[in-house]
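Following the numbering used here, the numbering of the sequence shown begins with -6 at its first residue and continues without gaps.
Scroll down for the structure; my scribbles are underneath it.
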Amino acid sequence: MTKQNYTIGDLASISKVSTRAIRIYEQKGLLTSKRDADNNYRYFDEVAKLQLQRIQMLKYLGFSLNAISCALMHYNKIELEKSFLEQKKLLEEKIIELQRMIHCVDRASIECKQVDFNIDDLFDSINHIIMDRVADERVWWLKKYSNEPEGWSKWIFDQAGLCEGQKIMDAGSGAGNLWRYNQDRIPDNITVCCVDKHNTHADSFYECAKEIPNFSFSWNDLETMEFAEEYDCIFFNHVVYYIENPIALYHKFAKALKNDGQFICTWGGSLLLEKLAELLADFMPSQAARLKKCMKERQEKFRSREDALASVFSSVEKRVYEISLHYENSRELAEFLKVYAEKLNFDFSDCMEEFCEYLSKRYEGKPIDFVRNSYLFICKTT
């Protein structure tokens, strides 16, 4: 049987890929061409054609070029199994992301059916849903790699020191994790009012609250609603990012506290972003100055938030919570950091493979540990 040889154009046409893609595969060492001894033309043989088919199969399964390279170079079944299991994890994560998008579309379509439909309200609702989704995604990643996936909610609960019979407001309650993760620790006879602008998480929270007495829900805008009662404790957990005028709202909260009441405000710390900015600046030196400026602006924002609390409350006590994050490989770390990079107005999706390679070299292919911190402020008026 005569051996068939193919020019790059022939191979591209037969395999339905671009000549550019074939050149990239060559550069990555995934394909090898040969030279004709008579005319010095470059050509690909049947082995290369088969290899390209395998590359396409793995691309269809969502493998990155680096992952394809590892899979095709290691024919050991243990290594291949490891590659497929890692790819399964990535696909499962994509499924979760698609489910979040579907949820967003569902919520938007429900808004369209409202009798008092308004286009501005619709896009305000969509924006809120997207912000919730982004926040949920970050929480999901933290849970995945944290040594204490429920530690934050339990720690806040401990800092509050709630007592029997108290009246509580959870301002911006979201999915109600503060109560879901502490359900067996809630003091007797406390009354909890959960307030949120949109009922995005209502179903899951309602299900939990059925088992908890004296819970009420209000779908209201904290900045415009009136507080008719006084509270022993008001939680404001990672909500400040959504507020247009925090100081005005803080004054409302202060007036809604009982004489010995406390306002508990939290937001994310800077350790993780500082580390991310350091890595990105080293990976892409041309962006170092911009990243440094961005981090400086964020530090100033943190200080202004603390100043805002101090301008309203007579007593502000700052506490710091830290969790350890563990990543088995550079791919896991890169996927995690991609979610947080938008806080630095940075998107490295187009150079994800190069960033993974950079992390792998920097950490010598070993497991990686990071620390993330968050701030909690216990504020009082007396």
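A virtual CB, placed ideally from N, CA and C, is assigned to each residue, including glycine.
Please read all numbers here as calculations on a predicted model, not as lab measurements.
When C-alpha distances from P180 are compared across V188, S166 and F208, the shortest belongs to F208.
Taking all protein chains in view, the Cβ of C349 is crowded by 16 or more other Cβ atoms within 10 Å, so the residue is classified as buried. Judged by DSSP secondary structure, S308 falls within the beta strand (DSSP E) whose first and last residues are S308 to Y320.
According to DSSP, residue pairing for F363 in a beta bridge involves L318. For G254, the uninterrupted beta strand (DSSP E) segment begins and ends at L250 to G261.
Under the DSSP assignment, F329 falls in the alpha helix (DSSP H) whose first and last residues are S323 to A334. Taken in chain order, the unbroken stretches of alpha helix (DSSP H) that lie wholly in the region 6 to 54 and span 4 residues or more are 12 to 20 and 39 to 53. According to DSSP, L369 shares a beta bridge with T259 and R312. Taking a cut-off of 8 Å for Cβ pairs, the region 29 to 43 and the region 61 to 79 do not touch, as fewer than three such pairs fall below it.
For V305, the enclosing alpha helix (DSSP H) covers residues A281 to V305. C-alpha of F306 to C-alpha of R312: approximately 16 Å in a straight line. Apart from sequence neighbours up to five positions away, the residues of its chain that approach Y314 with a beta-carbon distance below 6 Å are W148 and S367, ordered along the chain.
R35 and Y18 have their C-alpha atoms spaced approximately 15 Å apart. If you ignore the 5 residues before and after I257, its C-beta comes within less than 8 Å of the C-beta of I149, Q152, A153, C226, I227, F228, F229, N230, L369, F370, I371 and C372, all in its own chain and listed in chain order. Around M50, the same chain offers no residue with a beta carbon nearer than 7 Å, after the five sequence neighbours per side are excluded. Cβ-Cβ separation between A41 and S26: approximately 7 Å, consistent with a contact (criterion under 8 Å). Around the CB of Y234, fewer than 16 other CB atoms lie within 10 Å, so the residue is classed as exposed. The C-beta of L23 has 16 or more other C-beta atoms within 10 Å across all chains shown, which makes the residue buried.
Around the Cβ of M94, a 10 Å sphere holds fewer than 16 other Cβ atoms; the residue is exposed. Looking only at E157, Q80, I15 and E72, the smallest Cα-Cα distance to I48 is reached by I15. For D275 and K268, the gap between their C-alpha atoms comes out near 11 Å. Minimum Cα-Cα distance from C156 among the listed residues N170, V232, D189 and D253 corresponds to D253. Each of Q46, F37, K245 and W145 was checked against the Cα of S8, and the nearest Cα belongs to Q46.
At a Cβ-Cβ threshold of 8 Å, A60 and Q44 do not count as neighbours.
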